[in-house]
Ligand code: BG6
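Numbering (our numbering), first residue to last: 15 to 310.
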């Protein structure tokens, strides 16, 4: 279903048979809502989010492409999150065994203006799909369509903002003992010690070569998010905490308590595509009751 969202921006609403739903804005190709079959919102969007170009929407799942963060010469997190994507009205079908998925394919291609900033031709196909039962599946396919014979390289992240009850009560499993780059310390390399990750201050880390499954346990809400990823070796964990929150104009002062970004990403080793080559990166989100015991 294609309709108008906040400020008249175009959005697509996906609904699955048992009541799960998702919303995707064409601005940014950005998922801004993912509700489970009970109608509960799983993603955080700031009450101060500005749904208006050129600023990216604060929350949901911004797409960082072709650059994650400040790891390059482009604007922070690249330009894909600030572009208006288009809908492919005749998308390729899903494989036969997953035919009951409801989905939309959004496409981003460079305009002449974009080409001046990043001189490469590409086709970015983002498939947003809801599986029966409500799991949210994002698949990005990026193809080098350069006609000048040149390869290009990029970094990437699904910048997912999870909605949580209280940051002090949440823990993340699947990243313990891994190496990470700390964005708060000049991107120095460290090794995570000990147990599951918990939060008591600002965090901005890029975990390297992580397992394909990461769990975010929210005790108060009795809910565990399970993030599964493919083609995306790294994982970013970000919470601005109080001081940084105050410095963000489109983010409430206390909202850091109710969000956590865990982002499937490819950062340390950029992806390089020759003309004609395609890269695929997937992120699947599901929820399970908190009695669930995680393991790899
Ligand atoms: C995270 C980065 O992914 O995004 C942080 O690691 C950054 O360094 C955060 O502050 C938010 O970025 P932005 O550009 O959306 O404010």
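For every residue, glycine included, the Cβ atom is placed at its ideal position computed from N, Cα and C.
Any chance the CB of residue i is under 7 Å from a heavy atom of the ligand BG6?
i, result
"residue 277", "yes"
"residue 173", "yes"
"residue 42", "no"
"residue 249", "no"
"residue 295", "no"
"residue 272", "no"
"residue 94", "no"
"residue 266", "no"
"residue 6", "Outside the modelled stretch of the chain, which goes from 15 to 310, sits residue 6, for which no answer is possible."
"residue 63", "no"
"residue 34", "no"
"residue 70", "yes"
"residue 83", "yes"
"residue 196", "no"
"residue 218", "yes"
What residue does the beta strand (DSSP E) around residue i start on, and which one ends it?
i, result
"residue 79", "That residue, residue 79, is in no beta strand (DSSP E); it is neither H nor E in DSSP."
"residue 263", "It is not in any beta strand (DSSP E) - residue 263 carries neither H nor E in the DSSP assignment."
"residue 48", "44-49"
"residue 25", "24-29"
"residue 179", "Note, residue 179: premise wrong, no beta strand (DSSP E); not H, not E."
"residue 171", "166-172"
"residue 195", "193-196"
"residue 162", "Where residue 162 is concerned, there is no enclosing beta strand (DSSP E), given that its DSSP letter is neither H nor E."
"residue 85", "Per DSSP, residue 85 belongs to no beta strand (DSSP E) and is neither H nor E."
"residue 91", "No beta strand (DSSP E) holds residue 91; DSSP gives it neither H nor E."
Could you name the residues that DSSP lists as bridge partners for residue i?
i, result
"residue 156", "138 and 293"
"residue 56", "Answer is none; residue 56 lacks a bridge partner."
"residue 187", "229"
Let me check you understand the geometry: is the CB of residue i closer than 7 Å to at least one non-hydrogen atom of the ligand MN?
i, result
"residue 252", "Of the ligands one can find in the structure shown, namely the ligand BG6, none is the ligand MN."
Problem set entry | Start-end ranges of the beta strand (DSSP E) lying completely within the region 93-125, minimum 3 residues | 116-122
Exercise. Counting only runs that start and end within the region 229-294, where is the alpha helix (DSSP H) found for 4 or more residues in a row?
Worked result: 255-261
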